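Asks: Have a look at this one before I ask anything.
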């Protein structure tokens, strides 16, 4: 919730921003204070407090407090520790682990279960699935193909914008696309998504909230991570996207039920024959 408020600061009105700044500076106070005290501390009216809650997608103050409290006691606090030049190997490892774990926990708490359910429904019923991603996201798309082809659904991944642009225009109703992008601002990917929708395919987006891509998908799974892809390769985002792909793959596997077990066992036997004997797991 705190990260979401930070991302929305520029979109809030001047008075709502005062409430936001109070929440960011004193989250525990806001989580337990009555509306009169919150309004007094922020120097705004009580209706402004309610408007702020609705601006961050909550139904009211109680809903906001519930979500805020849940994020504050989620088990792993939000600790995005900046790496510094004089960090030891131990400090570097600790910071990267802490940042990744906190981002995974935050994404887990913020993922919309209805959106996950809808995405799994689309993929489980799809006649063909195509995964699109450019650059670092192209690697995630390849991983998704590696997971999904074993489920018996024709699928392929494309990281070349010309190729997935042409492929998107050839899709049909009943097909599905999973479009992956950290920023959600890549013009070529957005255009391919538009072509896929025009062709009748459903599109699932794995991207940043409020991005241009998110507004063009049938359903979007948001992954908001605290790293700047314009400065660094999106390392934490990569892990978060991989976990979301895992959720979708396992969800589709469960939907397909017992009929999938024999197919997976056959694949496992084939892989076992290709391994050096005598090193089986005990």
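In our numbering, the protein residues as written are 1292 to 1573.
Ideal Cβ positions, reconstructed from N, Cα and C, are used throughout, including at glycine.
These figures come from a predicted structure and were not determined experimentally.
Are the Cβ atoms of residue 1491 and residue 1450 separated by less than 8 Å?
Replies: Stepping through the chain shown from its first residue, residue 1491 is reached at position 200. Stepping through the chain shown from its first residue, residue 1450 is reached at position 159. Cβ atoms of residue 1491 and residue 1450: not closer than 8 Å.
Asks: Compute the Euclidean distance between the alpha carbons of residue 1545 and residue 1538, then round it to the nearest angstrom.
Replies: By 1-based counting over the chain shown, the position of residue 1545 is 254. By 1-based counting over the chain shown, the position of residue 1538 is 247. Roughly 11 Å between the two C-alpha positions.
Asks: Can you tell me which of the three DSSP states residue 1399 falls into?
Replies: Counted from its first residue, the chain shown places residue 1399 at position 108. Of the three classes helix, strand and coil, the one that applies to residue 1399 here is helix, per DSSP.
Asks: With contact counted as at least three CB pairs below 8 Å, one residue from each stretch, are the segment 1384 to 1392 and the segment 1483 to 1490 in contact?
Replies: Too few Cβ pairs lie closer than 8 Å, so no.
Asks: Jot down the residue ranges of each uninterrupted alpha helix (DSSP H) in the segment 1446 to 1495, minimum 4 residues, whole runs only, in chain order.
Replies: Fully enclosed alpha helix (DSSP H) runs of 4 or longer: 1452 to 1460 and 1478 to 1489.
Asks: Can you list, in chain order, the residues of its chain with a C-beta nearer than 7 Å to that of residue 1436? Leave out the 5 residues immediately preceding and following it.
Replies: Translated into positions along the chain shown, residue 1436 becomes position 145. Counting only Cβ-Cβ distances below 7 Å, and skipping sequence neighbours, we find 1422, 1446, 1447 and 1448.
Asks: Please work out which residues of its chain come closer than 8 Å, Cβ to Cβ, to residue 1533, disregarding the five sequence neighbours upstream and downstream, and give them in chain order.
Replies: Translated into positions along the chain shown, residue 1533 becomes position 242. These residues qualify, in order along the chain: 1431 and 1434.
Asks: Put residue 1443 into one of helix, strand or coil per three-state DSSP.
Replies: The residue you call residue 1443 lines up with position 152 of the chain shown. Residue 1443 falls in the coil class under three-state DSSP.
Asks: Run through the segment 1312 to 1400 for me and flag every whole alpha helix (DSSP H) of 4 or more residues, listed as ranges in chain order.
Replies: Correct list: 1318 to 1323, 1326 to 1333, 1337 to 1346 and 1352 to 1363.
Asks: Find the nearest neighbour of residue 1493 within the set 1320, 1480, 1359 and 1469, judged by alpha-carbon distance.
Replies: The residue given as residue 1493 occupies position 202 in the chain shown. Nearest C-alpha to residue 1493: 1469.
Asks: Give me the Cβ distance between residue 1363 and residue 1319, rounded to the nearest whole Å; I'm assuming they're in contact under 8 Å.
Replies: As a working mapping, residue 1363 is identified with position 72 in the chain shown. As a working mapping, residue 1319 is identified with position 28 in the chain shown. Yes, they are in contact, since the Cβ atoms of residue 1363 and residue 1319 sit about 7 Å apart, within 8 Å.
Asks: Considering only C-alpha positions, which residue in the set 1378, 1456 and 1294 is nearest to residue 1478?
Replies: Taking the first residue of the chain shown as 1, we reach residue 1478 at position 187. Of 1378, 1456 and 1294, the residue nearest in Cα terms is 1456.
Asks: Which residue comes first and which comes last in the beta strand (DSSP E) that contains residue 1426?
Replies: Within the chain shown, the letter at position 135 stands for residue 1426. Unbroken run through residue 1426: none, as it is neither H nor E.
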